[in-house]
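Be aware that the sequence shown starts at 194, since it is given in our numbering, and climbs by one per residue.
Shown next, in structure tokens, is the structure this report addresses.
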Amino acid sequence: VPSSMENYIVNSKDDLSKEDARQIRYDVLKNSLFYCSSSSNVRAAAIYRGNFLSSSSSYRRSEEDISSVNGTFLSQVVFDDVQKRLRQAEGGLSDRVQLFLLNDPEGRLRGSSPSENDRPRPVILAVPASVTLSTQQEPNIILLTALTVLLSFRYSVAAYALNIKTFNAVLNELDLSILVRSLPIAFGVLLLQVVHEIAHKITAKKYNVKLGRPIPIPSIQLGCGGAITPLRSFPSSRTHLIDIAASGPVTVLILSLICIVVGIILTTQSPVIALDTMPVVSVAILRTSFLVGLLSSFIAPKLMLLPISQPIPIHPLVLIGYSGLFASALNLLPIGRLDGGRMFMAAFGRPKAKKMSLLLAAFFWVALCFNVGPDFLRFWGLLVVLFQNSNEIQLRDEVTAIDESRLKGYIGLLFLVATILAPFPGALGGS
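Right under this line is the structure:
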């Protein structure tokens, strides 16, 4: 039984009867496009090992052969055929059993020599229909939401700390209008996260995947560091998983970049009177990201020529976009159950995703121990290592790969994330 299913199977209230297990092999799989060579079962699960059969001939095919049938991956054709036969099986079998297509959790096909097809072969896993994801426990969402709202408000107020006029007004005149003026920033930060979750919901509904309530991640540095969006049903395929995972952060990345570009333009075009009322940050904030620094160098090159500690007024849109940009980039890191971890697994498979998660977890531990990297990155890394570095849930079809266009798009997205998280070395042209 794959580790991604162990907890759900162990906690299952129903057993997979021997009669159902036998019917799957000799009724559903017999004469199907999946040639079943052997099977084994436990109390609440059964695994059927074998190979794919071409729809046009009877020779065997492994899941690594990506030949297609009418433009569709062979593994998808085979599993669709098996699922159809399950629905047509007598005695209401489909009401009691659900099937998954995955790579053999025990590695290479039983009986093959070590040098023969070292990669895992496809297997079909059968479990009771009662095995679901709806019983997972959730942390205190109300508390985390309140803390996220509070820290988002703190992020917005802190943006005015270097504004001398605002500081003097608060100190000498007890003028608290800053609390009202900072609200748009806090609202914008939270609104981007709401858009993130709406995008997830829309895409998940399209693919008939249930999502749990989003769990916000409070961030001292960014106000809101994103959210954990639990899956409450099994996605049908790697394509569905990557689309659901990408929808939220990609939407917010686009909106955040628009906010930053428009904000910088408005800053350079604002009169002095308007600049006096804006948040004030150091030039360093524009250099914490290579992408932001690059955009700033083209839009406002004079700003990037200033000393890194020089305070400058900046439009609130820049700070809203800054928070959303980094929160989305961090969510896209290929680790655990983050959006990025789900996308990496969908693109390259579960084994490679596990290795990448371990590699990044090790990097974050080193960063924490030796105080390397920005504070927000180390803080985020601590949260991920402690709470999100676990295997993703099982997909119904984990063998069929994503198409080439999605794979290229994801690789491009990884490059974009790298440009966001990498620091900008200096303004174009030098200083």
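Backbone N, C-alpha and C fix where the C-beta goes; we use that ideal spot for every residue, glycine too.
All of these numbers come straight from a predicted model, not from anything done at the bench.
Looking at C-beta atoms only, is the number of pairs between the stretch 507-517 and the stretch 373-383 that lie closer than 8 angstroms three or more?
Segments in contact, yes.
Below 8 angstroms between beta carbons: does that hold for Leu-404 and Lys-394?
Against the sequence shown, residue 404 aligns to sequence position 211. Against the sequence shown, residue 394 aligns to sequence position 201. Yes, they are a contact pair.
For Pro-506, does the three-state DSSP call read helix, strand or coil?
On the sequence shown, residue 506 is found 313 positions in, with the first residue counted as 1. Here Pro-506 sits in strand by DSSP.
Look up Leu-226 in the DSSP assignment and say whether it is helix, strand or coil.
Reading the sequence shown from its first residue, position 33 is the one you call residue 226. The three-state secondary structure of Leu-226, taken from DSSP, is coil.
Run through DSSP, which three-state label would Arg-242 get?
Reading the sequence shown from its first residue, position 49 is the one you call residue 242. For Arg-242, the three-state secondary structure derived from DSSP is strand.
Three or more C-beta pairs closer than 8 angstroms, one from the stretch 530-540 and one from the stretch 422-438: is that the case here?
Yes, the stretch 530-540 touches the stretch 422-438.
In or out: Val-320 buried (at least 16 other Cβ within 10 Å) or exposed?
Translated into positions along the sequence shown, residue 320 becomes position 127. Under the 10 Å beta carbon count, Val-320 is surrounded by 16 or more other beta carbons and is classified as buried.
Do the stretch 408-428 and the stretch 282-290 make contact, defined as three or more Cβ pairs closer than 8 angstroms?
Contact between the stretch 408-428 and the stretch 282-290 is absent, because fewer than three Cβ pairs lie under 8 angstroms.
Whole beta strand (DSSP E) elements within the stretch 386-468, 3-residue minimum:
If we require 3 residues or more, the beta strand (DSSP E) runs fully inside the stretch 386-468 come out as 408-412, 416-421.
With 16 as the cutoff for other CB atoms within 10 Å, does Leu-448 come out buried or exposed?
Translated into the one-based positions of the sequence shown, residue 448 becomes position 255. Answer is buried; the Cβ neighbour count reaches 16.
Going by DSSP, what residues sit across from Gln-291 in a beta bridge?
Along the sequence shown, read from residue 1 onward, the residue named residue 291 stands at position 98. Gln-291 is bridged to Val-320.
Under three-state DSSP, which class holds Pro-618?
Mapped onto the sequence shown, residue 618 falls at position 425. In the structure shown, Pro-618 adopts coil according to DSSP, grouped into three states.
State yes or no: is the C-beta of Gly-416 within less than 8 angstroms of the C-beta of Ser-516?
Indexing the sequence shown from 1 puts residue 416 at position 223. Indexing the sequence shown from 1 puts residue 516 at position 323. Taking 8 angstroms as the Cβ cut-off, Gly-416 and Ser-516 qualify as a contacting pair.
Nearest candidate by alpha-carbon position, reference Leu-336, set Ile-410, Pro-494, Ser-598
Position 143 of the sequence shown holds residue 336. Put simply, of Ile-410, Pro-494, Ser-598 the residue whose alpha carbon is nearest the alpha carbon of Leu-336 is Ile-410.
Is the distance from the Cβ of Leu-295 to the Cβ of Leu-318 below 8 angstroms?
Residue 295 sits at position 102 when you count from the first residue of the sequence shown. Residue 318 sits at position 125 when you count from the first residue of the sequence shown. In this structure, Leu-295 lies near Leu-318, with their beta-carbon atoms less than 8 angstroms apart.
In this structure, how does DSSP classify Lys-211 when only helix, strand and coil are distinguished?
Counting from one through the sequence shown, the residue named residue 211 turns up at place 18. DSSP places Lys-211 in helix when its eight states are reduced to three.
Under the rule that 16 or more other beta-carbon atoms within 10 Å means buried, what is Tyr-252, buried or exposed?
Counting from one through the sequence shown, the residue named residue 252 turns up at place 59. For Tyr-252, the predicted structure reports a pLDDT of 39, less than 50, and the residue's modelled location is therefore unreliable. The matter cannot be settled from this model.
Three-way DSSP call (helix, strand, coil) for Asp-590 in this model
Position 397 of the sequence shown, counted from the start, is the residue given in the question as residue 590. Here Asp-590 sits in strand by DSSP.
Supposed contact pair Glu-591 and Arg-172 - C-beta distance, whole angstroms, cut 8 angstroms
The structure shown does not extend to residue 172, since the chain spans only 194 to 624, so no value can be given for it.
Where Phe-608 sits in the DSSP three-state scheme
The sequence position of residue 608 within the sequence shown is 415, counting from 1. Helix.
Which partner residues of Ser-232 appear in the DSSP bridge assignment?
Along the sequence shown, one-based indexing puts residue 232 at 39. Ser-232 is bridged to Tyr-241.
State yes or no: is the C-beta of Ser-430 within less than 8 angstroms of the C-beta of Thr-593?
In the sequence shown, residue 430 corresponds to position 237, counting from 1. In the sequence shown, residue 593 corresponds to position 400, counting from 1. Taking 8 angstroms as the Cβ cut-off, Ser-430 and Thr-593 qualify as a contacting pair.
Span of the alpha helix (DSSP H), counted from its first residue to its last, around Ser-475:
Here residue 475 corresponds to residue number 282 of the sequence shown, with the count starting at 1. No alpha helix (DSSP H) holds Ser-475; the beta strand (DSSP E) holding it covers 473-475.
DSSP three-state assignment for Pro-527, whether helix, strand or coil
Here residue 527 corresponds to residue number 334 of the sequence shown, with the count starting at 1. DSSP places Pro-527 in coil when its eight states are reduced to three.
Is it buried or exposed for Tyr-348, if we count other Cβ within 10 angstroms and need 16 for buried?
Residue mapping note: residue 348 aligns to position 155 of the sequence shown, counting from 1. Tyr-348 comes out buried.
CA-CA distance, Asp-213 and Leu-267?
The sequence position of residue 213 within the sequence shown is 20, counting from 1. The sequence position of residue 267 within the sequence shown is 74, counting from 1. Between the alpha carbons of Asp-213 and Leu-267 lies a distance of about 26 angstroms.
At the level of alpha carbons, what is the spacing between Tyr-228 and Cys-562?
Position 35 of the sequence shown, counted from the first residue, corresponds to residue 228. Position 369 of the sequence shown, counted from the first residue, corresponds to residue 562. Between Tyr-228 and Cys-562, the C-alpha separation is close to 52 angstroms.
Tell me which residue opens and which closes the alpha helix (DSSP H) that Pro-494 is part of.
Here residue 494 refers to the residue found at position 301 of the sequence shown. First-last of the alpha helix (DSSP H) with Pro-494: 494-497.
Cβ neighbours of Ile-202 in the same chain (closer than 7 angstroms, five flanking residues each side left out)
Locating residue 202 in the sequence shown gives position 9, where the first residue counts as 1. Around Ile-202: Val-194, Ala-237, Ala-238, Val-320, Val-324.
Using DSSP's beta-bridge definition, name the partner residues of Asn-296.
As a first step, residue 296 is located in the sequence shown; it is residue number 103 there, counting from the start. Pro-315, per the DSSP bridge assignment.
So Tyr-241 and Val-316 are in contact, right, with Cβ under 8 angstroms, and what is the actual spacing, rounded?
Here residue 241 corresponds to residue number 48 of the sequence shown, with the count starting at 1. Here residue 316 corresponds to residue number 123 of the sequence shown, with the count starting at 1. Correct: roughly 6 angstroms between the Cβ atoms.
In angstroms with no decimal places, state the Cα-to-Cα distance between Ile-408 and Ile-453.
Mapped onto the sequence shown, residue 408 falls at position 215. Mapped onto the sequence shown, residue 453 falls at position 260. Cα to Cα, the separation comes out at about 26 angstroms.
Which of the three DSSP states, helix, strand or coil, is assigned to Ala-379?
In the sequence shown, counting from the first residue as 1, residue 379 sits at position 186. The answer is helix: DSSP assigns Ala-379 an H, G or I state.
For the alpha helix (DSSP H) holding Ser-370, just list the boundary residues, first then last.
By one-based count along the sequence shown, residue 370 stands at place 177. 370-374 is the extent of the alpha helix (DSSP H) around Ser-370.
Just the C-alpha distance for Glu-156 and Lys-495, rounded to the nearest angstrom, thanks.
For residue 156 there is no data in the structure shown, the boundaries of the chain being 194 and 624.
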